[in-house]
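Novice: Which chain is which? The protein sequence lines are L and E, in order.
In terms of the numbering used here, the first sequence opens at residue 6 and continues consecutively.
In terms of the numbering used here, the second sequence opens at residue 3 and continues consecutively.
Idealized CB from N, CA, C, for every residue including glycine.
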Amino acid sequence: MTLAPETSDLINVEIDGVEMNVPKGTLIIRAAELIGTEVPRFCDHPLLAPVAACRMCLVEIEGNPKPQPACAIELTPGMKVRTQRSSEVAEKAQQGVMEFLLANHPLDCPVCDKGGECPLQNQAMSAGRAESRHDIPKRIFDKPVPINTEILLDRERCVSCARCTRFADQIAGDPKLELLERGAKQQVGVANDEPFDSYFSGNTIQICPVGALTSSSYRFRARPFDLVSTPTTCEHCASGCSLRTDARRGEVTRRLAWHDADVNEDWNCDKGRFAFTYLSQDRINSPMIRENGELRVASWPEALDVAARGLRSAQGSTAVLTGGRLTMEDAYAYAKFARVVLGTDDIDFRARRSSSEEAAFLRASIAGDCGPTYADLDKAPIVLLVAFEPEDESPIVLLRLRAASLRRGLRVVALSPIASRGLEKIAGEWAPIAPGADAGALHALAQGGGDVPNGASIAEALRQPGAVILVGERIADVSGGPSAVAALAAATGARIGWVPRRAGERGALEAGALSGLLPGGRPLDDVHARAQLAQVWGVDAADLPTSVGRDGASIVSAAAAGGLGALVVGGLEPRDAAQPAAMRRALDNAGFVVSLETRRTEVTDRADVVLPVAVVTEKSGTFVDWEGRRRPFARVFGDALMMSDGRVLAMLADVMDSSIGRGDVKSLRNELDSLGPWTGARAVAPSDSAAAEQTGGPLLVTWRLLLDDAALQEGEPNLAGTRRRTVAVVSAATAASLGVAAGQRVTVTGPAGSVSMPVEIGSIVDNAVWLPSNASDCAIASLGVAPGQPVRVSGGAA
Amino acid sequence: MTLGPEIRAEMEQIKQRYPDPRSALLPMLHLVQSVQSEVTTEGMALCADVLSITPAEVAAVATFYTMYKRRPVGKHHIGVCTNTLCGLLGGDAVYAALSERLGVGHDESTPDGKFWLERIECQAACTHAPVMTVDWEFMDQQTPASAIDVIDQLARGEEVRSTRGPVIRNFTATERTLAFPDDGLAGEGPVADELMLAGLRVAQERGMSAPTAGQGN
Numbered sequence: 006m007t008l009a010p011e012t013s014d015l016i017n018v019e020i021d022g023v024e025m026n027v028p029k030g031t032l033i034i035r036a037a038e039l040i041g042t043e044v045p046r047f048c049d050h051p052l053l054a055p056v057a058a059c060r061m062c063l064v065e066i067e068g069n070p071k072p073q074p075a076c077a078i079e080l081t082p083g084m085k086v087r088t089q090r091s092s093e094v095a096e097k098a099q100q101g102v103m104e105f106l107l108a109n110h111p112l113d114c115p116v117c118d119k120g121g122e123c124p125l126q127n128q129a130m131s132a133g134r135a136e137s138r139h140d141i142p143k144r145i146f147d148k149p150v151p152i153n154t155e156i157l158l159d160r161e162r163c164v165s166c167a168r169c170t171r172f173a174d175q176i177a178g179d180p181k182l183e184l185l186e187r188g189a190k191q192q193v194g195v196a197n198d199e200p201f202d203s204y205f206s207g208n209t210i211q212i213c214p215v216g217a218l219t220s221s222s223y224r225f226r227a228r229p230f231d232l233v234s235t236p237t238t239c240e241h242c243a244s245g246c247s248l249r250t251d252a253r254r255g256e257v258t259r260r261l262a263w264h265d266a267d268v269n270e271d272w273n274c275d276k277g278r279f280a281f282t283y284l285s286q287d288r289i290n291s292p293m294i295r296e297n298g299e300l301r302v303a304s305w306p307e308a309l310d311v312a313a314r315g316l317r318s319a320q321g322s323t324a325v326l327t328g329g330r331l332t333m334e335d336a337y338a339y340a341k342f343a344r345v346v347l348g349t350d351d352i353d354f355r356a357r358r359s360s361s362e363e364a365a366f367l368r369a370s371i372a373g374d375c376g377p378t379y380a381d382l383d384k385a386p387i388v389l390l391v392a393f394e395p396e397d398e399s400p401i402v403l404l405r406l407r408a409a410s411l412r413r414g415l416r417v418v419a420l421s422p423i424a425s426r427g428l429e430k431i432a433g434e435w436a437p438i439a440p441g442a443d444a445g446a447l448h449a450l451a452q453g454g455g456d457v458p459n460g461a462s463i464a465e466a467l468r469q470p471g472a473v474i475l476v477g478e479r480i481a482d483v484s485g486g487p488s489a490v491a492a493l494a495a496a497t498g499a500r501i502g503w504v505p506r507r508a509g510e511r512g513a514l515e516a517g518a519l520s521g522l523l524p525g526g527r528p529l530d531d532v533h534a535r536a537q538l539a540q541v542w543g544v545d546a547a548d549l550p551t552s553v554g555r556d557g558a559s560i561v562s563a564a565a566a567g568g569l570g571a572l573v574v575g576g577l578e579p580r581d582a583a584q585p586a587a588m589r590r591a592l593d594n595a596g597f598v599v600s601l602e603t604r605r606t607e608v609t610d611r612a613d614v615v616l617p618v619a620v621v622t623e624k625s626g627t628f629v630d631w632e633g634r635r636r637p638f639a640r641v642f643g644d645a646l647m648m649s650d651g652r653v654l655a656m657l658a659d660v661m662d663s664s665i666g667r668g669d670v671k672s673l674r675n676e677l678d679s680l681g682p683w684t685g686a687r688a689v690a691p692s693d694s695a696a697a698e699q700t701g702g703p704l705l706v707t708w709r710l711l712l713d714d715a716a717l718q719e720g721e722p723n724l725a726g727t728r729r730r731t732v733a734v735v736s737a738a739t740a741a742s743l744g745v746a747a748g749q750r751v752t753v754t755g756p757a758g759s760v761s762m763p764v765e766i767g768s769i770v771d772n773a774v775w776l777p778s779n780a781s782d783c784a785i786a787s788l789g790v791a792p793g794q795p796v797r798v799s800g801g802a803a
Numbered sequence: 003m004t005l006g007p008e009i010r011a012e013m014e015q016i017k018q019r020y021p022d023p024r025s026a027l028l029p030m031l032h033l034v035q036s037v038q039s040e041v042t043t044e045g046m047a048l049c050a051d052v053l054s055i056t057p058a059e060v061a062a063v064a065t066f067y068t069m070y071k072r073r074p075v076g077k078h079h080i081g082v083c084t085n086t087l088c089g090l091l092g093g094d095a096v097y098a099a100l101s102e103r104l105g106v107g108h109d110e111s112t113p114d115g116k117f118w119l120e121r122i123e124c125q126a127a128c129t130h131a132p133v134m135t136v137d138w139e140f141m142d143q144q145t146p147a148s149a150i151d152v153i154d155q156l157a158r159g160e161e162v163r164s165t166r167g168p169v170i171r172n173f174t175a176t177e178r179t180l181a182f183p184d185d186g187l188a189g190e191g192p193v194a195d196e197l198m199l200a201g202l203r204v205a206q207e208r209g210m211s212a213p214t215a216g217q218g219n
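1. Looking at C-alpha atoms only, which residue of L:E363, L:T603, L:A380 is the closest neighbour of L:A372?
2. Is the beta carbon of L:I289 closer than 8 Å to that of L:R804?
3. Between the Cα of E:L199 and the Cα atoms of E:E14, E:C88, E:S111, E:A127, which residue gives the shortest distance?
4. State the beta-bridge partners of L:N779 as determined by DSSP.
5. For chain L, is any of its Cβ atoms less than 8 Å away from the one on E:M46?
6. Excluding the 5 residues flanking L:V745 on each side, which residues of the same chain have their C-beta closer than 6 Å to its C-beta?
7. If you count every other CB in all the chains shown that lies within 10 Å of the CB of L:R60, and 16 or more means buried, which is it?
8. Could you name the residues of chain L that E:E59 contacts, counting a contact when the two beta carbons are closer than 7 Å?
9. In chain order, what residues of the same chain lie with their CB nearer than 8 Å to the CB of L:L712, ignoring the 5 residues before and after it?
10. Would DSSP call L:P437 helix, strand or coil?
11. Between which residues of its own chain and L:V302 is the CB-CB distance below 6 Å, once the five residues before and five after are set aside?
12. According to DSSP, is E:G93 helix, strand or coil?
13. Using the Cβ count rule (16 or more neighbours within 10 Å means buried), how would you classify L:V164?
14. Which bits of chain E does L:D198 rub up against, with CB to CB less than 9 Å?
15. For L:K29, which of L:V23, L:E38, L:V18, L:A37 has the nearest alpha-carbon?
16. Does the beta carbon of L:E765 sit closer than 8 Å to a beta carbon anywhere in chain E?
17. Starting from L:Q192, trace the beta strand (DSSP E) in both directions and tell me its first and last residue.
18. Taking buried to mean at least 16 other C-beta atoms within 10 Å of its own C-beta, is L:D5 buried or exposed?
19. Looking at the structure shown, is L:F638 part of a helix, part of a strand, or coil, going by DSSP?
20. Cβ of L:A688 within 8 Å of Cβ of L:G485?
21. With a cut-off of 8 Å, does the C-beta of L:R358 fall near any C-beta of chain E?
22. According to the neighbour-count rule (16 or more other Cβ atoms, all chains shown, within 10 Å of its Cβ), is L:Q192 buried or exposed?
23. Could you pull out every residue in the same chain whose Cβ sits closer than 8 Å to the Cβ of L:V116, ignoring the five residues on either side in sequence?
24. Could you tell me whether the Cβ of E:F173 comes closer than 8 Å to any Cβ of chain L?
25. What does a CB cutoff of less than 6 Å around L:L538 pick up in its chain, not counting 5 residues either side in sequence?
26. Decide yes or no for the touch test of the segment 399-409 of chain L against the segment 240-253 of chain L: beta carbon pairs closer than 8 Å, at least 3 of them.
27. So, at 6 Å on beta carbons, what are the nonlocal neighbours of E:N219 in its own chain, with the 5 sequence-adjacent residues on each side left out?
28. If we cut at 8 Å on Cβ distances, does L:E161 have a partner in chain E?
29. Can you list the residues of chain E that L:V195 reaches, using a CB-CB cut of under 7 Å?
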């Protein structure tokens with residue numbers, strides 16, 4: 006990194022006659038910025054190592070015979086620098102470089118995507134000549150060349166600044182984009198048959214200072230000055246990236262990573278950048294009610310009335326299931342609606358694989374607590390990854406871990422049956438465990454290491470101040486796992502960072518959209534907590550549910566068995582559930598289903614009343630990232646007619662002669678804030694014992710890849726083109742015992758079905774097989790088997 | 003010809019020579035050329051695999067250095083130095099004559115795959131200008147006639163010796179030497195001859211020495 010170094014060691018320097026004190030090691034270009042002088046530059050990027058490739062930033066240094074690149078020279082005590090503002094030498098040198106850069110650059114700005122926001126265009130105006138002295142033909146190339154399905158390369162526009170190649174190598178850790186050839190032929194490129202395979206590839210488009218790298222889906226679609234930009238937060242995962250959403254004529258045209266030094270720095274992942282077409286696909290625009298088995302369009306008053314009557318008649322036998330994609334404010338509205346309007350504590354936001362032990366863990370150890378932050382990862386003596394693969398499940402966490410690992414050798418240990426590509430990129434240590442054996446290993450670490458590989462040293466490192474345990478939502482699949490994480494933290498003093506996959510989960514937890522948990526981390530079974538809520542909500546405390554309600558799994562099984570009067574469902578997909586078939590049965594067999602949805606889904610297909618709600622671009626709100634940091638975002642389309650879940654629930658409450666307030670974002674947020682943090686006793690962490698070791702096998706290991714068959718990635722084929730190939734991964738010994746060789750097709754069979762794909766030999770424990778959870782050709786849910794359970798693997802296709 | 007397991011084994015062997023494995027890439031690419039007469043995609047992928055780097059990183063190196071070819075060189079690589087000194091002293095004429103005789107231009111090979119012609123950069127042999135190289139062995143002080151004579155002899159399959167001694171083999175054999183320099187051939191021919199040392203002798207006779215740092219004019 007080339008930001009000002011963290012040091013109190015100041016030196017006195019002079020730039021353009023201005024004396025200043027800067028930290029030792031500061032680059033000239035950064036110091037000049039401090040006095041408002043922008044030295045023109047292309048290759049310089051504050052988060053990339055200096056390379057002085059473009060030569061644009063030449064400045065005069067007193068005592069130096071030739072102009073020097075400001076982006077690569079560190080100031081030394083007493084150094085006197087003169088930039089183009091005070092030095093003719095510097096100005097002329099910059100003009101000369103600009104003339105060289107333009108010698109081969111095409112004059113196609115009017116048709117180039119970058120035109121209007123192009124550093125080369127801008128700096129050619131400030132540091133170039135009005136008329137070219139070149140009358141020789143320019144270098145031309147075939148164009149454009151795809152470097153992957155998302156990115157097109159126009160080589161003749163490139164100024165060889167190497168920002169993209171350095172990003173690929175230094176930040177993403179995917180050095181698959183390189184400068185090829187030499188001299189006048191020098192060009193950016195990939196290996197013959199290997200596209201730029203990286204989850205972070207889109208960042209290269211954004212940092213390209215010319216129009217050489219452009220987005221396949223955005224190409225030729227808009228001019229930057231026709232776009233209306235809104236600062237937003239990414240809705241795809243719990244990393245919490247700041248984005249800028251650019252829209253034109255009521256449609257999102259592109260999304261960019263926006264600078265936030267505390268969270269995503271200057272980067273985001275390709276899912277966050279490109280997966281937004283779903284926003285306008287298959288939308289539900291009007292309320293609908295089911296009549297004679299068919300949904301028909303209804304007016305709002307009619308639909309609300311039908312919904313209200315259905316819910317009222319089921320009073321006492323209702324439940325709320327929400328997905329992990331809601332904003333904090335909307336989740337809060339559901340949490341309040343359940344307790345105040347429906348009078349139930351049967352609510353769960355975990356529309357995925359989950360367990361009641363996990364719920365207890367979240368109530369006790371995560372909700373209402375400020376966990377470790379990105380900055381804490383930067384400083385931690387050790388980061389232990391438990392049931393969590395950062396690159397797939399929270400990519401910006403991976404970038405942070407990687408940066409710290411490169412900068413200072415941060416020790417990252419993955420307690421996992423498989424060493425992932427992400428772990429390799431952060432030079433992490435692999436502590437192999439059998440699938441599902443997390444709990445035993447965590448208890449062993451709590452007691453000093455046990456037989457965990459390298460256990461004693463890991464256990465010791467966890468006891469150092471600042472140690473962090475990052476635990477993913479997959480811990481819910483390990484019985485005894487969440488308890489063991491809490492126990493390890495208690496035994497070592499390490500802090501727990503819970504990193505769910507979905508953007509709304511942490512916010513839903515803080516908003517109390519989980520049975521037994523009231524907003525602000527308040528335990529429902531605490532009388533004071535209930536009293537606080539009753540006061541803010543303006544209800545009688547006696548009317549609030551007093552005993553902990555059912556969690557998602559119990560709600561689903563009750564509904565599936567026909568024992569639930571009504572279900573309010575918001576933003577979930579049955580195929581994400583632990584048992585999709587059971588979820589579908591629950592929706593079929595529940596007495597009455599109200600669905601608040603943005604688009605047609607398997608839920609709306611089964612609902613009695615469908616109430617349309619806004620997507621993220623049509624509302625403002627807040628996501629809470631894995632750190633517990635609030636990430637508010639603004640509405641992109643101010644004239645959108647859609648209402649947020651909160652507003653719709655407020656209207657529904659009104660019709661039911663109850664109230665959750667106005668339900669708009671501001672009042673919901675203010676109300677939640679007025680509650681303040683919970684200062685009373687916290688729930689006690691669960692202490693479930695570790696499950697017995699599984700026998701048989703191979704045992705299933707699986708997680709969702711970043712890019713897969715998820716609903717929110719629909720309609721973006723260029724993004725889908727960069728998905729990883731579906732493979733099953735086994736160890737060499739397991740492959741031998743199964744009689745399969747690398748590349749051969751295998752069929753993996755569970756009680757309910759089978760999938761087949763090529764097999765790969767990888768770093769995975771014996772008697773285990775890894776599969777992607779939700780690839781288009783590999784839907785694990787169809788196997789009818791939970792992770793950690795045995796499956797059958799046989800050679801050949803099904 | 004594909005790169006079999008024995009080539010991979012030899013690459014592993016080359017890798018052992020260096021403290022940092024990726025330093026082995028240059029000789030490994032020569033090894034690929036010694037088998038395939040060019041750096042193929044297959045060869046780059048194998049190097050990447052052996053060194054645990056990406057094919058793109060290999061491609062960056064293989065496309066940067068001009069000694070790595072991405073089309074088959076064929077039997078003999080003919081280089082003619084056309085930098086300033088050699089060019090002025092006849093290199094340009096030598097190149098033109100060869101180009102006409104072979105019917106190919108810079109970085110092209112004859113249809114029969116026997117010769118690859120290339121304008122090469124300075125070989126640090128200006129004392130013997132103009133120089134030509136055949137499979138990277140020196141042919142000093144060439145003329146258009148002598149150069150064509152060399153080509154004709156090679157075409158007839160006759161033994162040709164470098165003006166400095168070694169017998170000309172063929173391109174892939176030289177590439178093999180570049181991959182494994184310890185083949186005992188390094189001592190072939192003179193290390194330095196009178197012409198190369200003439201300047202040094204004069205300097206010694208007159209007691210001349212290079213200025214030390216900081217003493218410059």
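Specialist: Reading from the atomic positions:
1. L:E363
2. Since the first and last residues shown for chain L are 6 and 803, residue 804 of chain L lies out of range.
3. E:A127
4. L:A784
5. yes
6. V751, V764, G800
7. buried
8. P180, E183
9. Y204, D275, K276, Q718, L724, A725, T727, R728, R729
10. strand
11. S291, M293
12. helix
13. buried
14. T43, A47, P57
15. L:V18
16. no
17. 192-194
18. With chain L represented from 6 up to 803, any question about residue 5 of chain L goes unanswered, as that position is not in the structure.
19. strand
20. no
21. no
22. buried
23. F225
24. no
25. L523
26. yes
27. Caution applies to E:N219, whose pLDDT of 46 falls short of 50 and renders its modelled position unreliable; the model cannot decide the point.
28. no
29. A58
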